[in-house]
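For reference, the structure discussed in these notes is given below.
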Amino acid sequence: MSPHALYGRPPQGLIDIHEEAVQYSPLVPGSLRLEQSADRSLASAVIYAPPGTLERVHALALAVRALAEDAPLTALALKDKGGSRIAGELRAMGCDVVSHARSHHRIVTTTRPPRLIGLDAAIEAGGPQQHPPGGRWTQPGIFSWNRVDPGSALLLQHLPRQSGRSADWGCGNGVLGAAVLGSPAVTAMTLIDIDRRAVEAAERNVVDRRATFLWGDLRTDLVPRASLDFVVMNPPFHDSGVEDRSLGQMLIERAAAALAPGGQCWLTANRHLPYEGSLAKLFGRVRLVDDAKGYKIFAAEK
């Protein structure tokens, strides 16, 4: 039986989702891979489209390619987060579309067209790549995919050489984790991210036998308590394109739980994010290391 694909998590009640739909989003740990779906293998697909253009068109092209003949596709997003562009993007692939608005979303329905247009180019543009050419492996959709985030860059200027067991909380493509591994006294480094694409890029970028890689949600108990000596992070504060400050606060809580007594957490954050209270509540000593260029660097010790 052909599977019914679900990519992402649409708001509950907004559209009908097949009761047997299987999750394919790279942001849902354990999900299947849409890029590995065979041509004409899906009975239907629902795509809660991401806001980034290259990432969104990549996902739409993968879904259209995988649809069986006359299989339906529903793609939706908030109007101001790419939803207003979905109809045109699918038309460019050869699809006939029907579009309507509901609850600030644009919802577009279509079926696999008889002739596919431009799918290979869209899939390649949104797929794994080196940026700049010959540089670090990355992919559209990964946080700060085509540059080093300014907050991470500032943290790199202050990050001390560490020792013992360490982790990169939300590793992205591995920029911070690689820097930590520059210290020979680090015995182990776990690079963790909720984005499968980030973990796979980090695996290609951080070639070190001390490094291990984990695709998982740090809001769950992924790491044993008091098992680490050092955590570094640039915590996210968006969920599906919407600001959610609780994400960073939760990651701080998880870091405090995972650190052994005397362990350190080094964190970079946008200046407007109120993490001082969470750090002060969970750590015995908190130091503001720098406040520059719109970012703050904190060092917290258990």
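First residue of the sequence shown: 782, per my numbering; consecutive thereafter.
The C-beta atom is built at its ideal place from N, Cα and C for all residues, glycine as well.
None of these values were measured; they are calculated from a predicted model.
Selection Ser964, Met970, Ser944 evaluated against Gly955 yields Met970 as nearest (Cα-Cα). Assignment of Pro853 by DSSP, reduced to helix, strand and coil, places it in the strand class. The C-alpha of Glu905 is placed about 20 Å away from the C-alpha of Gly863. In this structure the stretch 886-896 does not lie against the stretch 919-935, because fewer than three pairs of beta carbons, one per stretch, are closer than 8 Å. Taking a 10 Å sphere around the C-beta of Glu870, we find 16 or more other C-beta atoms and assign the residue as buried. Ile973 has Trp950, Leu995 as its beta-bridge partners, per DSSP. Leu843 sits close to Ser818, with the two beta carbons spaced by under 9 Å. Leu935 is positioned such that its CB atom lies no closer than 9 Å to that of Ala960.
Its Cα nearest to that of Met1014, the residue Tyr1056 stands out among Gly907, Asp1002, Tyr1056, Glu801. Residue environment analysis places Lys1077 among the buried positions, since at least 16 neighbouring C-beta atoms fall within 10 angstroms of its C-beta. Shown here, Val878 sits in coil according to DSSP, grouped into three states, outside any helix or strand.
The C-alpha of Ala948 is placed about 7 Å away from the C-alpha of Gly958. The residue among Leu995, Pro913, Thr968 with its C-alpha nearest the C-alpha of Gly953 is Leu995.
Going by beta carbons, Leu1009 and Gly1029 fall outside the 9 Å limit. Counting along the chain, the unbroken beta strand (DSSP E) around His912 starts and ends at 910-912. Under the three-state reduction of DSSP output, Asn1051 falls in the strand class. In its chain, beyond the 5 residues on either side, Ala1037 have a beta carbon closer than 6 Å to the beta carbon of Leu1063.
Beta-bridge analysis with DSSP links Gln1045 to Phe1011, Glu1082.
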